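Enquirer: Each number in the numbering used here comes from the position in the sequence shown (counting from 1) with 91 added on.
Don't be surprised by glycine CBs; every beta carbon is placed ideally from N, CA and C.
As the structure is a prediction and not an experimental result, all values here were calculated from the model.
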Amino acid sequence: MTSQNPTANKIIVIGAGVGGLSAAIRLARQGYAVQLLEARAQAGGLASGFTAEGFTFDAGPYILLDKPGLEWAFNELGIAAGALPFTPIEHVYHVLHEDGTATAFDRSLDTTAAGFEARYPGSGERYKAFVIKMMAVHANVQPLTFHSHPGVWDVLRNGSLSSVPFMLSSLASVLDKAALPPELQESIGIWTHIAGQPMTQAPAPMAFVPGLFHGVGAYYPQGGMRAVAELLTATALKEGVDIQYNTKVKAIQAPGGRVAGVTTVAGEFWPAAAVMSDSSGIGTYVELVEDFPTPEKEKLQQLPLQSPGTCAYLAVRGRQPPYYIRFKLRGAGCTAFVQPGLLAPELAQEDWFPARLISPLAHAEAEALGPEGQSQLIDQQLAETWWQEGIIEYKVLHRRTTFEWGRDYNLYRDSMNPVMTSRLMLKGRLAHRSPTVKGLYLTGSSTHPGQWVSFCAIAGVLAADCLAHDLPVPHAA
Ligand SMILES: Cc1cc2nc3c(=O)[nH]c(=O)nc-3n(C[C@H](O)[C@H](O)[C@H](O)COP(=O)(O)OP(=O)(O)OC[C@H]3O[C@@H](n4cnc5c(N)ncnc54)[C@H](O)[C@@H]3O)c2cc1C
């Protein structure tokens, strides 16, 4: 920080997703001059919203499963508790199995367990015992979520040593131990189907999900999931973050392994004291950092990716079953029908409500299908009748293939992030503080074990704190 360059004290944040916005706020509140460069014309990234024919949609995320995590991040960012009201979801999700049977998950543990007991005698109590056990493990390890890179000492100090074998196992092995019928195991593991990964590869912490929604609850933020990004954007502006839209970063310049600044697609050079990237973690190294060593690139390129899948954005009319999300299982994958109109009647226009038909896809499958094949897949799923129960009429207002996700949201190889497998948990995710490029920090979903909006906000705080530790705020800035 000895340079005379008047912009040398600036921190450049690449990307105004939840991760980038959170990091920018955290840094600005500590006195850094923060310049946020966003390729799109709007902030929020995958968590932003859009309007089609007068209906407002969340582009991507549909449910908040980790309210405590988001509240932790908000608190660290100086956002008042209650700034974002949440609607609790009572009838959380319903799973239609391939054999036509169904399982349903309510906020109430008793109601959910009673439903299981009626269908699979003996399973109600086993499910309750499983949920209670997972809640205890979660309580034991949750504080580690708020460490950038928890080491042995953090684990010991936190009293989490006994949970280490659990954390390093797979979801399949945890569910096997619970001795629940296969249909229930599949329904509990539905969140891994969304990531397009088999339960044998999924990390054990996915088993915390039922404990989260039976315990603290699952929520729909008032104003939609996009309200999270909108609140962060307003806070960033209030804290003095300078957001420049329609500015795509082409390269991070790091001569001699030390960040000097970034070059935009338009050819401008922005010098920086440090760079915080909310662009894909893998993409940052593989596509943005100039002269990044090839062997390191090749290692990163081998990480399995998570696809955003396909989505049809609909307006529907009729009386729908009460479950906020209805899944249909199909082999290792699933389709999800999401109905925010059940929780937010103000979204209606006359008696039409917005809804989404989402098909998660494994990244390799999405690539193999290609844009044509994915478009046909959307058509096939629209033609199915299971999601149309109670619906008299529907209109398709917009649709998106993974190729369109990639193009519209600047995704690396049309992916959201590396899939968080149990192996990646073991090896460690992408670090907030780059181990190879001095002055480069990563935030967002690539850097946290879990890829939810809440985790991206937590990642923003933790990555910013790494930067602040290395580069104390210049008082003379
Ligand atoms: C279909 C779907 C369903 C989901 N469901 C849920 C859910 O139910 N609950 C949940 O919590 N989460 C869910 N998620 C995940 C959640 O949306 C994401 O994890 C989160 O929004 C990612 O935030 P981020 O900050 O890491 O990155 P992003 O949102 O990808 O933001 C990155 C930003 O950086 C910009 N950018 C990228 N490269 C450049 C560049 N070179 N120059 C300038 N700008 C650049 C992009 O334009 C973008 O604005 C879902 C996602 C999808 C797609």
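Can we count C402 as close to ligand 1, meaning its CB is less than 7 Å from some heavy atom?
Expert: It does: the Cβ of C402 is within 7 Å (strictly closer) of some heavy atom of ligand 1.
Enquirer: When DSSP labels each residue in this structure, what does D442 get in the three-state scheme?
Expert: Looking at D442 - three-state DSSP - the assignment turns out to be coil, as it is neither helix nor strand.
Enquirer: Just tell me which of M226, G111, F148 has its CA closest to the CA of A298.
Expert: When only C-alpha atoms are compared, the closest one is M226.
Enquirer: Does the Cβ-Cβ distance between A281 and V186 come in under 8 Å?
Expert: The identity of residue 281 in the sequence shown is Ile, whereas the question assumes Ala. Yes, Cβ-Cβ distance for I281 and V186 is below 8 Å.
Enquirer: Quickly, what does DSSP pair N501 with across the bridge? List them, please.
Expert: According to DSSP, N501 bridges with nothing at all.
Enquirer: Helix, strand or coil, according to DSSP, for G551 in the structure here?
Expert: In the structure shown, G551 sits in a helix (DSSP, three-state: H, G or I).
Enquirer: Could you tell me whether any non-hydrogen atom of ligand 1 is closer than 7 Å to the CB of E216?
Expert: Checking every heavy atom of ligand 1 against the Cβ of E216, none is found closer than 7 Å.
Enquirer: Across the segment 224-241 and the segment 205-216, are there enough close Cβ pairs to call them in contact, namely three or more that are closer than 8 Å?
Expert: Taking 8 Å as the limit for Cβ pairs, the verdict is that the segment 205-216 does not touch the segment 224-241.
Enquirer: May I ask you to report which of helix, strand or coil DSSP gives A453?
Expert: Strand at A453.
Enquirer: How far does the alpha helix (DSSP H) with Y218 in it extend, from its first residue to its last?
Expert: First-last of the alpha helix (DSSP H) with Y218: 214-232.
Enquirer: If you follow the beta strand (DSSP E) that I103 is in, where does it begin and where does it stop?
Expert: First-last of the beta strand (DSSP E) with I103: 101-105.
Enquirer: Pull up the distance between the alpha-carbon of T355 and that of K158, whole angstroms please.
Expert: Taking the straight line joining both Cα atoms gives about 36 Å.
Enquirer: Just to check my reading of the structure: M316 and Y500 have Cβ atoms closer than 8 Å, yes? What is that Cβ distance to the nearest angstrom?
Expert: M316 to Y500, Cβ: 15 Å. No contact.
Enquirer: Do A107 and G136 have their C-beta atoms closer together than 8 Å?
Expert: The answer is yes: Cβ separation under 8 Å.
Enquirer: Does the pairing of the segment 438-455 with the segment 281-291 give three or more beta-carbon distances under 8 Å?
Expert: Touching, yes.
Enquirer: Tell me the residue span of the beta strand (DSSP E) that contains R210.
Expert: Segment 200-210 is the alpha helix (DSSP H) holding R210; no beta strand (DSSP E) there.
Enquirer: Please confirm if the segment 389-406 is in contact with the segment 132-147, defined as three or more CB-CB distances below 8 Å between the two stretches.
Expert: Yes, since at least three Cβ pairs between the segment 389-406 and the segment 132-147 fall closer than 8 Å, the two stretches touch.
Enquirer: Taking G151 as the reference, give the member of L558, E495, G169 with the closest Cα.
Expert: Measuring from the Cα of G151, the nearest candidate turns out to be E495.
Enquirer: Measure how close the beta-carbons of V528 and A363 come, nearest whole angstrom, since I'm counting them as under 8 Å.
Expert: With 8 Å as the limit, V528 and A363 do not qualify as a contact, their Cβ atoms being about 12 Å apart.
Enquirer: Cβ atoms of F177 and L155: under 8 Å apart, would you say?
Expert: In contact: L155 and F177 (Cβ atoms closer than 8 Å).
Enquirer: Tell me whether E129, by its Cβ, gets closer than 7 Å to a heavy atom of ligand 1.
Expert: Yes, the beta carbon of E129 sits closer than 7 Å to at least one heavy atom of ligand 1.
Enquirer: Considering just the uninterrupted stretch of the beta strand (DSSP E) at T354, what are its terminal residues?
Expert: Counting along the chain, the beta strand (DSSP E) containing T354 begins and ends at 352-355.
Enquirer: Using a Cβ-Cβ cutoff of less than 7 Å, which residues in the same chain neighbour Q440 once the five nearest sequence positions on both sides are dropped?
Expert: Once the five neighbours on either side are set aside, the close Cβ partners of Q440 are G145, F146.
Enquirer: Would Y415 pass as a contact of I105 if the rule is Cβ separation under 8 Å?
Expert: No, the Cβ-Cβ distance between Y415 and I105 is not below 8 Å.
Enquirer: Would you call the CB atoms of S113 and A548 closer than 8 Å?
Expert: Contact flag set, yes.
Enquirer: In terms of residues, what are the limits of the beta strand (DSSP E) holding G140?
Expert: Its beta strand (DSSP E) spans residues 140-143.
Enquirer: Between C425 and ligand 1, is the CB less than 7 Å from at least one heavy atom?
Expert: Not so, every heavy atom of ligand 1 lies at least 7 Å from the Cβ.
Enquirer: Is any heavy atom of ligand 3 found at a distance shorter than 7 Å from the C-beta of A107?
Expert: Ligands in the displayed structure: ligand 1; ligand 3 is not one of them.
Enquirer: Go ahead and pull the three-state DSSP assignment for V407.
Expert: Here V407 sits in strand by DSSP.
Enquirer: Note down the Cα distance separating F207 from L266, rounded to an integer number of angstroms.
Expert: Going by the C-alpha atoms only, they are around 15 Å apart.
Enquirer: Which residues in the same chain as S368 place their Cβ atom closer than 6 Å to its Cβ, once the five residues preceding and following it in sequence are excluded?
Expert: Contacts found: I105, T375, L533.
Enquirer: Rounded to the nearest angstrom, what separates T93 and Q133 at their Cα positions?
Expert: Residue placement at T93 is flagged as unreliable, the pLDDT there being 35, under the threshold of 50; the coordinate-derived value follows with that caveat. Each residue's alpha carbon lies about 35 Å from the other.
Enquirer: Going by beta carbon distance, what residues of the same chain come within less than 6 Å of G122, once the five residues before and after it are set aside?
Expert: Same-chain partners within the cutoff: V564.
Enquirer: Going along the chain, which residues of its own chain have a beta-carbon closer than 6 Å to the beta-carbon of H305, five neighbours each way excluded?
Expert: Closer than 6 Å at Cβ, skipping near neighbours: L200, V222.
Enquirer: Can you tell me whether Y336 is buried or exposed, with buried defined as 16 or more other CB within 10 angstroms of its CB?
Expert: Exposed.
Enquirer: Does DSSP put W282 in a helix, in a strand, or in coil?
Expert: Helix.
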